[in-house]
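A.B. asks:
There are 2 protein chains.
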Amino acid sequence: MLYEINEKVITLRREGKSIINFNVGDPDQATPPAIVQAAYDAMVAGQTKYGSSAGAMPLRERLAERYAVEPANVIVTPGSKWAIYSIIHLLLRDGGNLVIPSPHWSSYELIAREVGAELRLLKGDLDSHWAIDVEGLQSLLDDETRLIILNNPNNPTSKVLDRRNVQALVDVANERQIPILSDETYADISFTPVKNILEYTGNHIFVNSFSKTFAMTGWRIGFAILDRALVEKLVAFNQISISNVPLFLQAAAVKALDLMDDIAHTMREIYRRRAELACSLLADTKLQFTKPDAPFYLFPRCDVDAEELAFDLLDRGVAVVPGTAFGDYNTYFRISLTNPDDAIQRGLETIAAAFK
Amino acid sequence: MLYEINEKVITLRREGKSIINFNVGDPDQATPPAIVQAAYDAMVAGQTKYGSSAGAMPLRERLAERYAVEPANVIVTPGSKWAIYSIIHLLLRDGGNLVIPSPHWSSYELIAREVGAELRLLKGDLDSHWAIDVEGLQSLLDDETRLIILNNPNNPTSKVLDRRNVQALVDVANERQIPILSDETYADISFTPVKNILEYTGNHIFVNSFSKTFAMTGWRIGFAILDRALVEKLVAFNQISISNVPLFLQAAAVKALDLMDDIAHTMREIYRRRAELACSLLADTKLQFTKPDAPFYLFPRCDVDAEELAFDLLDRGVAVVPGTAFGDYNTYFRISLTNPDDAIQRGLETIAAAFK
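Top line first, the protein sequences correspond to chains V and U. Sequential numbering of the first sequence, starting at 1, is according to this note's numbering. Sequential numbering of the second sequence, starting at 1, is according to this note's numbering.
1. Residues in its own chain within less than 7 angstroms of glutamate 109 of chain V by CB, not counting five upstream and five downstream?
2. When you compare only the Cα positions, how much space is there between phenylalanine 206 of chain U and aspartate 41 of chain V?
3. Return the CA-CA distance between isoleucine 10 of chain U and aspartate 162 of chain U, expressed in angstroms with no decimal places.
4. Under a three-way DSSP split, which group does isoleucine 263 of chain U fall into?
5. Taking the Cβ atom as the reference point for each residue, do arginine 176 of chain V and leucine 91 of chain V lie within a distance shorter than 8 angstroms?
6. Taking Cβ-Cβ distances shorter than 8 angstroms, what residues in chain U pair up with isoleucine 240 of chain V?
7. Between serine 209 of chain V and chain U, is there a C-beta pair that is closer than 8 angstroms?
8. Quick one, which of U/Ile344, U/His129, U/Val44, U/Ala251 has its alpha-carbon nearest proline 58 of chain U's?
9. Using beta carbons (cut-off 8 angstroms, strictly below), is threonine 217 of chain V in contact with chain U?
10. Classify threonine 217 of chain U: buried if its beta carbon has 16 or more other beta carbons within 10 angstroms, exposed otherwise.
11. Roughly how many angstroms separate the alpha carbons of serine 53 of chain U and serine 243 of chain U, rounded to a whole number?
12. Does the count of Cβ pairs from the stretch 288-300 of chain U and the stretch 341-356 of chain V closer than 8 angstroms reach three?
13. Taking all protein chains shown into account, decide if proline 33 of chain V is buried (16 or more other Cβ within 10 angstroms of its Cβ) or exposed.
14. Tell me the DSSP secondary structure of lysine 195 of chain U in three-state form.
15. Would leucine 147 of chain U count as contacting chain V if we go by Cβ distances under 8 angstroms?
16. Just the C-alpha distance for serine 139 of chain U and leucine 122 of chain U, rounded to the nearest angstrom, thanks.
17. List the residues of chain U whose Cβ lies closer than 8 angstroms to the Cβ of tyrosine 412 of chain V, in chain order.
18. Do we get a CB-CB distance below 8 angstroms when we pair leucine 92 of chain U with the residues of chain V?
19. Return the residue from the list U/Gly51, U/Gly79, U/Arg14, U/Leu2 that minimises the CA-CA distance to glycine 25 of chain V.
20. Any heavy atom of the ligand GDP closer than 7 angstroms to the beta-carbon of tryptophan 219 of chain U?
21. Quick check: what's the CA-CA separation for valine 170 of chain U versus isoleucine 148 of chain U?
22. Would you give the residue range spanned by the alpha helix (DSSP H) that threonine 350 of chain V belongs to?
23. Output, in chain order, the set of chain V residues within a Cβ distance shorter than 7 angstroms of leucine 98 of chain U.
24. Is the CB of asparagine 6 of chain V under 8 angstroms away from at least one CB in chain U?
25. Using only alpha-carbon positions, find the residue among V/Lys255, V/Ala224, V/Thr213, V/Arg93 that is nearest to aspartate 28 of chain V.
26. Taking threonine 77 of chain V as part of the beta strand (DSSP E), name the residues at either end of that continuous run.
27. For glutamate 144 of chain V, which option in V/Glu114, V/Asn165, V/Thr185, V/Gly95 has the closest C-alpha, if you only look at C-alpha atoms?
28. With the cut-off set at 8 angstroms, would you say leucine 141 of chain V and serine 182 of chain V are in Cβ contact?
29. Which residues, in order along the stretch 234-260 of chain V, keep a beta-carbon less than 8 angstroms from a beta-carbon of chain U?
30. Any idea if alanine 68 of chain V is buried or exposed, counting beta-carbon neighbours within 10 angstroms, 16 or more meaning buried?
31. By Cβ distance below 6 angstroms, which residues in the same chain neighbour alanine 325 of chain U in space, the five residues on each side in sequence not counted?
32. Please confirm whether alanine 39 of chain V has its beta-carbon closer than 8 angstroms to some beta-carbon of chain U.
33. Listing by chain order, which chain U residues have their CB less than 8 angstroms from the CB of methionine 43 of chain V?
34. Going by DSSP in three states, arginine 412 of chain U sits in which element: helix, strand or coil?
35. Have a look at arginine 127 of chain V and isoleucine 84 of chain V and give me their C-alpha separation to the nearest angstrom.
36. Check this for me: beta carbons of glycine 124 of chain V and serine 102 of chain V, under 8 angstroms apart or not?
Take a look at the structure:
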């Protein structure tokens, strides 16, 4: 559905229709110029040759320092998606199952299917504020479970998990020695601070990206932090597939980390304002949702068929994604607040009008 | 062995030893400044967002025009290696075998192993000037053969296949409807013109790269041309793995194609001169090899154990790769002429001295 809506948006725009695309999680901001400049400087300096399949040491060292691990625990990947794909591929291609709380980013499910892994979804509930049902999760685990995926903050709900909730999940996972892959792509610009998975006990996997924090989606650069044995397997897999992330992009990522505090602060405040605007504009409607803890989605329950709704809203010039793209949520839809403020205002007013 | 030698080179250099690295196929030239500038301009212009998993239309259109196909037949990949990996993955992950004439680029074999495909190597012979034995190849094919890989010009021999030889291979493949994947990474700077696989009859797969022609190895950009049905499967696979090649890198690739004639000419002449130098410096030695038809390797037979030789030459300051990295060639080694001319001269003199 996600791609179907996207195709329709492209067609409508080609026909000259103006569409507010609340359907794509791609920040509207430009990549900060200092980061662009760093990439250019590195190209000019000749960082255009083959690099290590584990990532360039200056970036691995910076990330290791930031997360209090060793550089040998860090792998740089062409997007966090590649980290997630290759980890699932390596852990589950010869069998086993993985457990994912839902609603969930569609890519997890598509990757699991491609790898041929058995996917066990744990349905979450708006009425319990999207907290993860630990007993429910426990009942899905067995000796064949090789991975649990958390997405914290969550896409599409923008919920940050309560720390006691995460601790309870970690305890369950540790008891069975099942690694948790925690995808924390939205954490650095979260309104509510996120305690990262590496700060809990156990042998877990941290995945993050430069995409959202620095408006670098198209650059394809992310990373994972995990145990050395698995890093080495991922490096061997990178050697025969993607080879390496371009060194000049990694130099730009180092610069991004230099400027992190400022950039993340600016981004966070933009999205916080937008989230507040959205909550206020949708407050007097029939839509029900949790207030976002993080950028940049809303996931309202609309009590109508969301696929029909999506096409209906598209006729009114607003693209959203029906909840079915994120699991068994056919009366929910996702709004992505990644448009200039005036477009967000107009788009939200259109949605509000439909649910008065 | 390839990686083992590489690690030793890194260690020796760290110890302050000067090593001429004839072991890596990475051009010593800088990426032409106009290509770097085009990447920068595209970044500044905001081409930093998500792009199509098939590649950006301007680049696909340019490549389609160049190879007289439709844009829908072109897919842009993060390196030609990714094209090869993903094609082998999609065609062979659920069984079957693939046939590869040897000596061969090590990655083909490593990929086949990773995918779990049965690899059937056809051993080639220096004494027949590395021509492919068509009857021998035919005897390796059966109903389970899903792919034949050609590398034309070949790494490590720098041999361009005779067109009648390719035609005979194509006839055999067509009879059984087995696609040939032709990796023509070195073709655009070949001294001997290469007739590309798309110019033969049949439903074959063309793979090429910007790496060698434009000294863009670290940029990770290549492409494949193949039938639409397989393009669509590759696009779906890209969507859940690498997402897209950064748009600003694809803009630089368009610029590279604009400048292709000039750049390819310059590169070709550099490597032609080096190949001639190598042939002349090694002429009066015991080493036997075919004169390179293309950049930038020599693959001499040395009649001694090549792994021992490689470590012996390393002690003398020259890194080469033993033939065992390219198949069953333990009395051969590969020299990569990707160093400044003076280093090439010195390195070849060292090798020549060892085989007087």
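C-beta: ideal position from N, C-alpha, C; glycine also. The model shown is predicted, which means the values in this text are computed figures rather than measured ones.
C.D. replies: To lay it out plainly:
1. Start at 1 with the first residue of the first sequence, and residue 109 of chain V comes out as number 109. The residues Leu119, in chain order, have a CB closer than 7 angstroms to that of glutamate 109 of chain V in the same chain once the five nearest residues on each side in sequence are set aside.
2. Indexing the second sequence from 1 puts residue 206 of chain U at position 206. Indexing the first sequence from 1 puts residue 41 of chain V at position 41. Between phenylalanine 206 of chain U and aspartate 41 of chain V, the C-alpha separation is close to 34 angstroms.
3. Within the second sequence, residue 10 of chain U is the residue found at index 10, counting from 1. Within the second sequence, residue 162 of chain U is the residue found at index 162, counting from 1. Looking at the two C-alpha atoms, the distance is approximately 39 angstroms.
4. Indexing the second sequence from 1 puts residue 263 of chain U at position 263. The three-state reading of DSSP puts isoleucine 263 of chain U in helix, counting H, G and I together.
5. Along the first sequence, read from residue 1 onward, the residue named residue 176 of chain V stands at position 176. Along the first sequence, read from residue 1 onward, the residue named residue 91 of chain V stands at position 91. Contact: no.
6. The residue given as residue 240 of chain V occupies position 240 in the first sequence. The contacting residues are Lys81, Tyr85, Ser107, Leu110, Ile111, Glu114.
7. If you number the first sequence from 1, residue 209 of chain V lands on position 209. Judged by the 8 angstroms Cβ criterion, serine 209 of chain V is not in contact with chain U.
8. Position 58 of the second sequence, counting from 1, holds the residue named residue 58 of chain U. Out of U/Ile344, U/His129, U/Val44, U/Ala251, the CA that lies nearest to the CA of proline 58 of chain U is found in U/Ala251.
9. One-based indexing of the first sequence puts residue 217 of chain V at position 217. Chain U places a beta carbon closer than 8 angstroms to that of threonine 217 of chain V, counting this residue as a contact.
10. Locating residue 217 of chain U in the second sequence gives position 217, counting from the first residue. Around the beta carbon of threonine 217 of chain U, 16 or more other beta carbons lie within 10 angstroms, which makes this residue buried.
11. Looking up residue 53 of chain U in the second sequence gives position 53. Looking up residue 243 of chain U in the second sequence gives position 243. Whole-angstrom Cα-Cα distance: 5 angstroms.
12. Contact fails: fewer than three Cβ-Cβ distances are below 8 angstroms.
13. In the first sequence, residue 33 of chain V corresponds to position 33, counting from 1. Classification of proline 33 of chain V: exposed, given that the 10 Å Cβ count is below 16.
14. For the purposes of this step, residue 195 of chain U is identified with residue 195 of the second sequence, where counting begins at 1. In this structure, lysine 195 of chain U counts as coil in the three-state DSSP scheme.
15. The sequence position of residue 147 of chain U within the second sequence is 147, counting from 1. Not one chain V Cβ lies under 8 angstroms of leucine 147 of chain U.
16. By one-based count along the second sequence, residue 139 of chain U stands at place 139. By one-based count along the second sequence, residue 122 of chain U stands at place 122. Cα-Cα distance, rounded: 10 angstroms.
17. Given a span of 1 to 356 for chain V in the structure shown, any question on residue 412 of chain V remains unanswerable.
18. Translated into the one-based positions of the second sequence, residue 92 of chain U becomes position 92. Not one chain V Cβ lies under 8 angstroms of leucine 92 of chain U.
19. Counting from 1 along the first sequence, the entry for residue 25 of chain V is found at position 25. Of the candidates U/Gly51, U/Gly79, U/Arg14, U/Leu2, the one whose C-alpha sits nearest the C-alpha of glycine 25 of chain V is U/Gly51.
20. No copy of the ligand GDP occurs in the structure displayed, which carries no ligand at all.
21. Translated into positions along the second sequence, residue 170 of chain U becomes position 170. Translated into positions along the second sequence, residue 148 of chain U becomes position 148. Answer to the nearest angstrom: the Cα atoms are 10 angstroms apart.
22. As a working mapping, residue 350 of chain V is identified with position 350 in the first sequence. Its alpha helix (DSSP H) spans residues 341-354.
23. On the second sequence, residue 98 of chain U is found 98 positions in, with the first residue counted as 1. Against chain V, a Cβ distance below 7 angstroms from leucine 98 of chain U picks out nothing, because the smallest value is about 14 angstroms.
24. Working through the first sequence from its first residue, we reach residue 6 of chain V at position 6. Not closer than 8 angstroms to any Cβ of chain U, the Cβ of asparagine 6 of chain V fails to qualify, so no.
25. For the purposes of this step, residue 28 of chain V is identified with residue 28 of the first sequence, where counting begins at 1. Measuring from the Cα of aspartate 28 of chain V, the nearest candidate turns out to be V/Thr213.
26. Here the question's residue 77 of chain V lines up with position 77 in the first sequence. Here the beta strand (DSSP E) through threonine 77 of chain V covers 74-77.
27. Here residue 144 of chain V is taken as the residue at index 144 of the first sequence, counted from 1. The shortest C-alpha separation from glutamate 144 of chain V is found at V/Gly95.
28. Along the first sequence, read from residue 1 onward, the residue named residue 141 of chain V stands at position 141. Along the first sequence, read from residue 1 onward, the residue named residue 182 of chain V stands at position 182. No, the pair does not count as a contact, with Cβ atoms beyond the cut-off.
29. Identification of residues in the stretch 234-260 of chain V having a C-beta nearer than 8 angstroms to some C-beta of chain U yields Phe237, Gln239, Ile240, Ser241, Ile242, Ser243, Asn244, Val245, Pro246, Leu247, Phe248, Leu249, given in sequence order.
30. Counting from 1 along the first sequence, the entry for residue 68 of chain V is found at position 68. The residue is exposed, with fewer than 16 neighbouring Cβ atoms inside 10 Å.
31. By one-based count along the second sequence, residue 325 of chain U stands at place 325. Here alanine 325 of chain U has Met1, Leu2, Ser106 as same chain residues with Cβ atoms under 6 angstroms from its own Cβ, once five neighbours each way along the sequence are excluded.
32. The residue given as residue 39 of chain V occupies position 39 in the first sequence. Cβ-Cβ to chain U under 8 angstroms: yes for alanine 39 of chain V.
33. As a working note, residue 43 of chain V is residue 43 in the first sequence. Neighbours of methionine 43 of chain V on chain U, chain order: Thr31, Val36, Ala39, Tyr40.
34. Look at the range of chain U in this structure, 1 to 356, and you will see that residue 412 of chain U is not part of it.
35. Taking the first residue of the first sequence as 1, we reach residue 127 of chain V at position 127. Taking the first residue of the first sequence as 1, we reach residue 84 of chain V at position 84. For the sequence presented, residue 127 of chain V should be read as aspartate rather than arginine. Here the alpha carbons of isoleucine 84 of chain V and aspartate 127 of chain V stand approximately 29 angstroms from one another.
36. If you number the first sequence from 1, residue 124 of chain V lands on position 124. If you number the first sequence from 1, residue 102 of chain V lands on position 102. Yes; because the gap between Cβ atoms is below 8 angstroms, this pair is in contact.
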